[in-house]
Amino acid sequence: MSYRGRFAPSPTGHLHFGSLIAALASWLCARRAGGHWLVRMEDIDPPREVPGSASSILATLPAFGLVADGPVLYQSQRMAAYDAAFEQLRAADQVFPCWCSRSDLAEVDGMHRDGRCVAAPDHDRPPAWRLRVPDMDIRFDDALQGPQRQNLRESAGDFVIKRVEGFYAYQLACVVDDAWQGITQVVRGNDLLDSTPRQIWLQRCLGLATPSYLHLPLALDASGRKLSKTERAHPVDPDEPLPALRRALSFLDQSVAKDPASVEALLNHALAHFDAASLPHCSDRSAA
Ligand code: GLU
């Protein structure tokens, strides 16, 4: 099977340095493997979305030489697929409706376990839907961070896959689409390392293949916080891509050409020297 990678931004702001790193690393892995690199817009959480950011992100990527192989997949257009996955889980009794609030769950360590609700059913308002998780260790070998193990019951509990507002949760949409797009390796930031066991469990429940995973160190700001779109991290400048691209390659410990004539020359040089094993292993590092 040929390599298929993806970059899956949420439209919660312009492309910033942290997301450029994820886009660039996933692109390098896919190109180096002679595979496909896809872009998926994770626009399934309208309250968190910032108008105009999906088109801004999509216009910025090509300025950095990151051009997808094929059309962008918009999660907002994939509801039928999420409905089908949800129905599959419901038919197998793997999900249950839940009316528990955060304060209800505070009584039980903040975690929903063993399908046991604190709040009584209230048929006058919609429930959230949770996936039952077993008392079981999920193990996987991260291509960068090494062997990982998480007990789902202890660390995640029965987690929400459909929210009270009716929106599907990131975990479900991500798993359905990674499978549908035939993704063979997920390259993304370390902040999602602890979501991965939940995604692997969902893949098993739905009978989907598990791709390999590679979690990158996070870019931190000067005060040690994750750069994130929602905290208004500085957007990268599509009119002057070379400085940010150079910094992103250095952040990823990759070879940076001295005087590249163009974005393409800088990327081609990096690609010619790229080796995924040389990506930085440490969990997080300063972007400064
Ligand atoms: N949409 C997520 C984000 O922008 C990334 C999801 C993923 O790569 O699995 O943080």
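Take 55 as the starting number for the sequence shown in the working numbering and just add one per residue. A virtual CB, placed ideally from N, CA and C, is assigned to each residue, including glycine. Bear in mind the structure is a predicted one, so any value in this text is a computation, not a measurement.
Nearest neighbour of residue i, chosen from the options [CA to CA]
| i | options | result |
| --- | --- | --- |
| Ser340 | Ala330, Tyr57 and Ile75 | Ile75 |
| Gln129 | Asp178, Phe61 and Val172 | Phe61 |
| Cys154 | Ile254, Trp183 and Gln142 | Trp183 |
| Pro100 | Leu143, Ala173, Tyr222 and Ala138 | Tyr222 |
| Arg58 | Cys152, Ser73, Val93 and Thr66 | Val93 |
| Leu198 | Gly164, Arg242, Val218 and Asp147 | Arg242 |
| His68 | Asp291, Leu185, Pro251 and Pro314 | Asp291 |
| Gln204 | Arg217, Pro188, His70 and Val218 | Pro188 |
| Asp212 | Pro201, Asp196, Ser80 and Leu185 | Leu185 |
| Ser56 | Ala84, Arg102 and Glu318 | Ala84 |
| His70 | Glu318, Leu272 and His323 | Leu272 |
| Leu260 | Ile215, Leu270 and Pro295 | Ile215 |
| Asp178 | Ala227, Cys152 and Cys228 | Cys152 |
| Ala276 | Ala117, Asp245 and His288 | His288 |
| Asn244 | Gln148, Gly72, Phe140 and Ala330 | Gly72 |
Residue i, enclosing beta strand (DSSP E) - first and last residue
| i | result |
| --- | --- |
| Gly88 | Segment: none, Gly88 is in no beta strand (DSSP E) and carries neither H nor E. |
| Pro201 | Gly200 to Asn205 |
| Leu185 | Ala182 to Leu185 |
| Asp196 | Asp191 to Asp196 |
| Ile111 | Counting along the chain, Ile111 falls outside any beta strand (DSSP E), though it belongs to the alpha helix (DSSP H) covering Ser107 to Ala117. |
| Phe213 | Phe213 to Lys216 |
| Ala273 | Leu272 to Leu274 |
| Arg252 | No beta strand (DSSP E) contains Arg252, which is instead part of the alpha helix (DSSP H) from Thr250 to Leu260. |
| Gln142 | Counting along the chain, Gln142 falls outside any beta strand (DSSP E), though it belongs to the alpha helix (DSSP H) covering Met133 to Ala145. |
| Gly243 | Gln239 to Gly243 |
| Val121 | Element bounds for Val121: n/a, residue is neither H nor E. |
| Pro151 | Val149 to Cys152 |
| Phe61 | Arg58 to Phe61 |
beta-carbon residue i near ligand 1 non-hydrogen atom, thresh 7 Å
| i | result |
| --- | --- |
| Pro63 | yes |
| Glu103 | no |
| Leu281 | no |
| Arg167 | no |
| Arg242 | yes |
| Cys83 | no |
| Glu294 | no |
| Leu246 | yes |
| Cys228 | yes |
| Glu219 | no |
| Glu96 | yes |
Pair within 8 Å by beta-carbon distance, residue i and residue j
| i | j | result |
| --- | --- | --- |
| Tyr136 | Val230 | yes |
| Val121 | Leu112 | no |
| Gln225 | Ser249 | yes |
| Leu333 | Asp293 | no |
| Pro265 | Asp232 | yes |
| Leu325 | Gly119 | no |
| Asp123 | Trp91 | yes |
| Ala315 | His323 | no |
| Leu281 | Leu270 | no |
| Asp158 | Val172 | yes |
| Arg144 | Leu206 | no |
Terminal residues of the alpha helix (DSSP H) in which residue i lies
| i | result |
| --- | --- |
| Ser157 | Arg156 to Ala160 |
| Val230 | Tyr224 to Trp234 |
| Pro295 | Pro295 to Phe305 |
| Val310 | Neither: Val310 is in no alpha helix (DSSP H) and is coded neither H nor E. |
| Val317 | Val317 to His327 |
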